[in-house]
Structures are given as C-alpha cells and as structure tokens.
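One line per chain: the protein sequences are A and B, in this order.
Okay, so the first sequence: first residue is 13 according to the numbering used here, each after it adds one.
Okay, so the second sequence: first residue is 6 according to the numbering used here, each after it adds one.
Don't be surprised by glycine CBs; every beta carbon is placed ideally from N, CA and C.
Reviewing the structure listed below.
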Amino acid sequence: MTALQHISTNRRWVEGWRSFKMAAWLGWQIESNWADPLLFFIYSVVKPLASTAILVVMYGIITNSNFSDPLFPYIYLGNAFYMYVGAVMGGVSWAVIDDREHYKTLKYLYVAPIRIPAYLLGRGVARFLTGSLSVLITVLAGVLFLKIPINPLQANWPLFLLSLLIGVVMLAMMGLLLGSVTLLLVHHSWGIAEGLAGALYLFSGAIFPLDVLPAWLRPVGFLMPITYWLELLRRSLVGDIAQAFPTLVGFSNLELLAILIGLTLIFGCISVFVFRWCDHQARERGTIDMTSHY
Amino acid sequence: MNSPVPRGQINVLAEPVSNKATGWRLFVKTVIARAYPRIIGQQREKSWMFFDIFLPMMAVSAYVFVYRAIGAPEDYVGFVVMGGAMTAFWLNVLWGMSSQLYWEKENGNLALYIIAPNQLMAILLGMALGGMVATALRAVVIILLGTLLFNVQFVVISFFQLLAVFLLAMVALYGMGMMTSSLFLLLSREAWHISSLAQEPIYLASGFYFPIKSFPYWVAATASIIPLTLGLDAMRQLVFPTGATLGFLSVGIEIGILLVLCVVFLTGARVLLAHMEKLAIREGRLTESRR
C-alpha cells in the first residue's frame, strides 16, 4: 500500500466515524426531543411491555399460569430479545424514509462530506438504545414477576455479551441492506422493514420452537441468522432450559456461534455490495430527493 | 373573447349561487368526495393492500403457532384469526382517522378544508366511510386466508346479531376515531408517537388475540370503552362453538352498550370537533408545521 493510499484509507475511516457519531447524536435528538424525559421513558417502555403481555396472557390462559414450564422462558426471552430486530433493523432503514420524505434532507446529506452508510448505521443507534431499555425492563419484569429462571451467577455472561454484540452488528447490516433497497423505493417503503420484521418473527423461532412450523417452512428458519442468535442468547441466560427443545439441540454453543458469525459476515458483505448498487441506481433514477407525500 | 375555462369543464364561478349545493346536499357531497379517494386510492396503489394484508397475517400466523405450541383448543386459533382481521380496522382508525388531520396539516390540506364552504364533520365522516369500506375488504381477505391456512371452523348462531354487532362496533369505533381526530388538531410531531403508542396496548386491553373474559371484571369493563373490545367479544360468541362460554357479557347486553357508545362517540365527535377547531384557529395551530 502506498503512503497516499494509506492516507486515503485513514481519511475514510475518520470520515466514517465522524458521520456515525453525528448521526447517532442526531438520531437521539429526533427520537427523544418530542417529549419530556418521563413521557419518553413511558413511551419507550409501554409499547414493548404490552406486546410481551399479550403473549403472557395467551400463555397464562391456556396453561393455567404454569409459568414454570420450560416453554415459557423460551417464548418470553425470545420475544424480549426480538425487540432488537425491529429497533436496530428498522432504525437504520427508517432513516432513509425519515430524511427523504419527512425532513427532506437526504439530498443535502448526499452533498455533505459524510459517508452515507456510516450515517445510516449511526441513525440506528438511538433506536438501539431505546430498544435496549425495553429489553432490559422486559427481562427484569420476567425475572421479578414471572419467575423467568435467570440466575446471574450461573448465566454464561461472556457468551451472552459476545452473542449480543454479533447479533446487533448482524441486525445493523440487515438494516443497511433494507435501507439500500429503500433508496430505490418511493411509495410505501415503510412497509418493507415491518414486513421483514414480521416474517422473521414468524420464521426465526422467536416465540415458538421451529418444530411447530410445518416441515416445509422450517428450512426458512434455519437460513436466518436470528434463529441462531436467539438460541445463543437463551442458552447463555437459561442454558438447560433452552437446550430442552429439539430444534437446535444438535449444535454446540461454539457451532452456533460459528454459524452466526458466518451468516453475519455474509450479510455484511451483501449489504455493502447492495448499498453500492442501490446508491448508484438511486442517483441514476433520481430517487434521492423524491417525495411521495404519503 | 375566449372563455378561460377549457371546453368540457364546468365553470364553477359562472354557476349561479342558487344552484350550488348547500345544507345537507353539500354535507352528503362532501362525505362522498372525501370517501372517494379512500376507496379508489387502494385500487391505484396495490402495494398498500399487500402490506395491509401481509403484515397482520404475519402476526396472526405467529400467534396461531404460539397457541399450537402450548396446546390450545382450536377455537383459540379462530379467535386469533378474527382478532387479526379486526386489527386492520384499529390501524385504520389510528392512522387513517385520528392522526389524519395531523397529516393533512403537515401537507397543507387542513387550511383548505377549513376555508372551503363545507363542514369538517362531513370530511371526517367521508374519511370514516371510505376507510371502513376499504378496510373491510382487507379484513375479509385476512379472515379468508386465516380460515384456509389454519382450518378455522365457524358455527354462526345468528347472522342478524352478527351483522348488527359488526355494524354497531364499526360506527362506534369510527365515531371514536372522529372524536380523537379533533384532539389531534392540536398536536404536532407527537401525533405520530401517540398513534404508535396506541397499537399494542390496545391489542392487549381489547383482547384481540384472547378472550377479554380472561381479565379481571373491572379491567375488562374499562377496556370496553374501546368499541372493538365488546364487538370482538360478541362476534366470537356468535361464530365459535365455545365462544359463548368465554364471553365477557351476554351478546344482548354488549349490543346495548355498543349502541350507547355509538351515540356517545358521534355526539362527542361533533362537540369536540367544533371546540377544537375554534381552539386551533385561535392558537394558530392549523397551519403550523413543527418537524
């Protein structure tokens, strides 16, 4: 590598980091400054807790509140950590719609000295933070009120933190992929992220073991990194209970981690190439500054 | 001198004032005019229909598989399918009615609505009727798909009561939407967040995916202020074999309460709309755009 190339690479990283930081700060302001902190906290917590409560009530009615069954922590934790999917993936891709349709600033961002992929990833940080708060409160509520058997002394924290980190990167890459596609869509691009999150919710075994799905649909779940990510998170927190379900019992933690890393790398590479292609197409088609008023 | 109006078009300004619609005729024309884009719009934008059916179907399927995983009786699968179909109406009321005036304000249409010689109530009624018809089509598709995919069995006890419950629930629900939309006249950016916040908690409180009877009596009674709570409960009682045993109140009482809700919400909409319009004009909120 020549000295000139080295300087250019360094500049790209510096520019990328600066874009990421500023976007994260901007995203936080947009997400949070419409209300006072208390109202914002309530807003951040009520929505996810309500969706969790739907599952808890459904489970409680049918099993006569038998929350000690291993299936309950499986459902509960899967649902809790799935909140990250909507938050991170949706947060990154929503930035395109928000800046193009609502604030009408995407064209100005394109002419500013920033790196757009880093900017989009940064915009997802705010929702990652609010999502983390929701996950934390949901898990705590489960431990305190519903006897989710998480023992802090027995939990595999290194595995948990590593899985969580890889998972968040994987979701951010999926968000970038969606954001890239959104650059080309003008009408109803909001539905893409929600649609994908809904499909992943169904096929990734978030709230029921994959064996419940019809046999011909199960392979879809095995192709999704979220399936392995959720399994790792469950195993790290409630090891024996998570391993009671036959879906991924044949895989060790290390194998699951390797699959997750592999799929994350694949998604990362795909998202970079897809972004470049979509970015070029969006410039060609003139969709960067197009607004639909929907 | 050539006429400024192209051939084939009506010169509105040249029309005598006496021939222009006024009173109830203007009201009806406004209702039809506002309902028209709601119904025709969905034909022109097919992707709306796809997402409006696809997204609830994903949630419905996920909850069906949860019930199957925990060994629930098959009627619960039907409860979920019916609840999933009704989410389309709730989403329409939230995003297409309550927060609609906020969007109109953002797009600059609201001021035009106010200065036009029609009533805001007629515009809201048009939005409600158009939205109701368009959403009903989607709800029917969700029920059909859910029934076919998950083999749901219906045993209708009384078609007449079923139709009455559905219509009353819709009138009360959209009346509530009209009432809350007047409150949204005063809101700005927070309107989006408030609508977003009212999704899942209402799914929970109104028992979209489980019988409302599972809640303590007073919780269920409080949740009954949302018309879909009693509407869903009554409809489940009327179409599922075990529905009656899982009903919160008898169908007759629920029909009576829904009737009261219809009157309360429609009257409330009229009163609140007039008040909020004046307030919004006085405070200069009709044309503001705080992003």
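Closest by C-alpha distance to A/Ile253, out of A/Gly90, A/Gly143, A/Leu195, A/Ile271, is A/Gly90. In chain order, Leu67, Met70, Tyr71, Ile87, Ile219, Phe220 make up the part of chain A whose C-beta sits under 8 Å from the C-beta of B/Val71.
Under the rule that a run must span 3 or more residues, no beta strand (DSSP E) segment is found entirely inside the region 243 to 281 of chain B. Residue nearest to A/Phe234 within the set A/Leu245, A/Leu214, A/Val250 is A/Leu214 (criterion: CA-CA distance). The criterion of a C-beta distance shorter than 8 Å is not satisfied by A/Thr142 and A/Ala184.
For B/Pro42, the enclosing alpha helix (DSSP H) stretches over residues 28 to 49. B/Met240 is positioned such that its CB atom lies closer than 8 Å to that of B/Met87. As the crow flies, the alpha-carbon of B/Ala90 is around 5 Å from that of B/Ala144. Sequence-distant Cβ neighbours of A/Phe287 in its own chain, meaning closer than 7 Å and more than five residues away, are Pro129, Leu188, Ser192. Taking A/Gly251 as reference, the option from A/Gly274, A/Ile162, A/Phe285 with the minimal CA-CA separation is A/Ile162. From the beta-carbon of A/Ala211, the residues of chain B found nearer than 7 Å are Met63. Across the set A/Glu27, A/Val26, A/Val198, the C-alpha of A/Val198 shows the shortest separation from the C-alpha of A/Met302.
Taking 8 Å as the CB threshold, A/Tyr120 stays off the interface with chain B. Excluding sequence positions up to five before and after A/Ser216, its CB lies within less than 7 Å of the CB of Gly233, Met236, Ile238, Thr239, Leu242, all in the same chain and listed in chain order. Nearest CB-CB separation between A/Leu260 and chain B: not below the 8 Å threshold. Think of a sphere of 8 Å around the beta carbon of A/Gly207: the chain B residues whose beta carbon falls inside it are Phe56, Phe59, Leu60, Met63, in chain order. The shortest CA-to-CA distance from B/Gly257 to any of B/Val161, B/Ala169, B/Tyr81, B/Ile45 is the one to B/Ala169.
Between the region 37 to 45 of chain B and the region 53 to 70 of chain B, the count of C-beta pairs closer than 8 Å stays below three; the two stretches do not touch. At a cut-off of 8 Å between beta-carbon atoms, A/Trp40 makes no contact with chain B. When DSSP states are grouped into helix, strand and coil, B/Glu288 belongs to the coil group.
The Cβ of B/Phe32 sits no closer than 8 Å to any Cβ of chain A. For A/Thr239, the uninterrupted alpha helix (DSSP H) segment begins and ends at 237 to 254.
A residue is called buried once 16 or more other Cβ atoms fall within 10 Å of its Cβ, and A/Ala227, having fewer, is exposed. Linking A/Lys116 to A/Thr299 through their CA atoms gives a straight-line distance of about 12 Å. Look at B/Glu109: its C-beta is not under 8 Å from any C-beta on chain A. Against chain B, the beta carbon of A/Tyr55 has neighbours under 7 Å at His198, Leu202, listed in chain order. Non-local C-beta neighbours of A/Asn168 in its own chain, meaning closer than 6 Å and more than five positions away in sequence, comprise Ser248, ordered along the chain. The alpha-carbon of B/Leu99 is positioned some 15 Å away from that of B/Leu134. Here A/Leu260 is not near A/Leu272, since their CB atoms are 8 Å or more apart.
Residues of chain B with a Cβ closer than 7 Å to the Cβ of A/Thr75 are, in chain order, Ile75. Taking the Cβ atoms as the reference, A/Ala209 lies roughly 21 Å from A/Val68, outside the contact range of under 8 Å.
For A/Ser63, a Cβ of chain B is located within less than 8 Å of the residue's own Cβ. Taking every protein chain shown into account, the CB of A/Leu171 has 16 or more other CB atoms within 10 angstroms, so this residue is buried. Across the region 216 to 235 of chain B, CB contacts with chain A closer than 9 Å involve Pro216, Ser219, Phe220, in sequence order along the chain.
Within 7 Å of the CB of B/Ser66, the CB atoms of chain A belong to Leu214, in sequence order along the chain.
By the C-beta density criterion, B/Lys110 is buried, having at least 16 other C-beta atoms within 10 angstroms.
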